[in-house]
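When we follow the numbering used here, the leftmost residue of the sequence shown carries the number 711, and every step to the right adds one.
Glycine included, each C-beta is placed from N, C-alpha and C at the ideal position.
Bear in mind that the values here come from a model prediction, so they are computed numbers and not experimental data.
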Amino acid sequence: MNITQDLSIIELISHASLVVKLVMALLTWVSLMSWYWIFRKWFALRDARAKTETFERDFWSGGDLNSLFQSAVNDRHHSGGLERIFEAGYREFTKLRGQKTLDPSAVIDGIRRAMRATYQRELDDLDAHLSFLASVGSVSPYVGLFGTVWGIMHAFRGLSNVSSATLAAVAPGIAEALVATAIGLFAAIPAVVAYNRFAHDVDRLSVRFESFMEEFSNILQRQLR
């Protein structure tokens with residue numbers, strides 16, 4: 711870049727070396743993908759919280775368990791994670807309680823295993839793509855730093871062809887390189903913030919699921935007496 715050129719972001723990117731441009735392109739793509747999953751995960755967790763609250767309200771309002779079960783079965787595609795856990799547990803309860811050879815403790819163990827399997831699937835769905843955000847948050851600054859180091863090396867190599875090395879001569883090349891670090895931070899910071907928030911939300915939902923499983927198991931255990 712000529713030292714008289716304007717040091718705008720567009721100029722810096724357009725005159726960067728090929729390696730730095732590739733780093734910037736990679737970080738830009740990663741940033742766009744992270745924002746895509748941030749918005750999708752935000753809507754998914756908001757929907758999961760709303761459905762959990764709705765089902766808890768219906769369940770603890772004293773409604774008939776058979777009616778709740780039929781509603782969960784008939785509207786499975788729109789049911790929430792807690793409702794699917796309830797469905798798995800109650801289905802196992804109706805299947806096992808008719809077997810006279812099983813004692814109540816064996817029935818409860820079967821119910822808990824069924825709910826635990828569904829709980830794990832629901833938790834896996836809630837955790838999906840959080841690892842991507844974590845990776846973006848931890849790796850992007852280093853990728854940007856690599857682009858910066860490479861760009862600075864390229865700028866100093868260019869000084870070998872200049873008779874007098876001045877700050878004005880090296881500044882544009884260093885500025886080009888630092889843009890890579892800026893893009894890396896731009897990709898990493900939202901990903902880290904979103905990951906921490908979403909991980910907290912998933913933990914809170916998992917606690918609510920586990921508490922419901924214990925309370926529902928106790929309710930069914932009383933019905934077996």
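Through-space distance from residue j to residue i, alpha-carbon basis
i    : j    : result
V917 : N928 : 17 Å
V730 : A890 : 7 Å
G791 : Y746 : 23 Å
A909 : F866 : 43 Å
N956 : A760 : Shown here, the chain extends from 711 to 935; a query on residue 956 therefore has no answer.
L934 : F779 : 18 Å
D837 : L736 : 25 Å
M923 : V849 : 38 Å
L888 : F749 : 28 Å
R826 : D913 : 16 Å
G857 : I899 : 18 Å
K751 : T811 : 46 Å
E766 : G772 : 11 Å
V903 : L840 : 11 Å
L755 : S727 : 42 Å
D757 : D834 : 16 Å
R822 : Y905 : 30 Å
T714 : H864 : Because T714 sits at a pLDDT of 44, beneath the cut-off of 50, its placement in the model cannot be relied upon, and the point is left open.
M711 : I884 : With a pLDDT of 46 at M711, under the threshold of 50, the modelled position of this residue cannot be trusted; read the value that follows with caution. Cα-Cα distance, rounded: 11 Å.
F753 : V859 : 38 Å
W770 : S921 : 13 Å
L732 : R907 : 31 Å
M734 : T804 : 58 Å
Short Cβ contact (8 Å threshold) for residue i with residue j
i    : j    : result
S789 : F896 : no
G945 : A782 : An answer regarding residue 945 cannot be provided, because it is not within the stretch 711 to 935 covered by the chain.
G861 : E886 : yes
L915 : T762 : yes
E832 : G820 : no
Within-8 Å CB hit, residue i to chain B
i    : result
Y905 : The structure shown contains no chain B; it is built from a single protein chain.
Own chain residues within Cβ distance below 6 Å of residue i, not counting five before or after
i    : result
A901 : S744, L843, V846 and G847
Y829 : I795 and F919
G894 : L737, S850, P851, V853 and G854
A816 : none
Close beta carbons around residue i, own chain, < 8 Å, minus the five adjacent residues each side
i    : result
R786 : R794 and E797
L806 : L812, A816, V817, G820 and I821
A892 : G854
Residues near residue i in its chain [Cβ-Cβ closer than 7 Å; skip 5 each side]
i    : result
D768 : L778
V931 : Strictly speaking, residue 931 in this sequence is Gln, with Val absent from that position. Cβ within range, chain order: P814 and I818.
D911 : L755
L775 : Y800
F926 : F796 and G799
- Message: Ignoring anything shorter than 4 residues, give me the alpha helix (DSSP H) runs that lie fully in the stretch 753-826, in order along the chain.
- Response: 775-784 and 791-806
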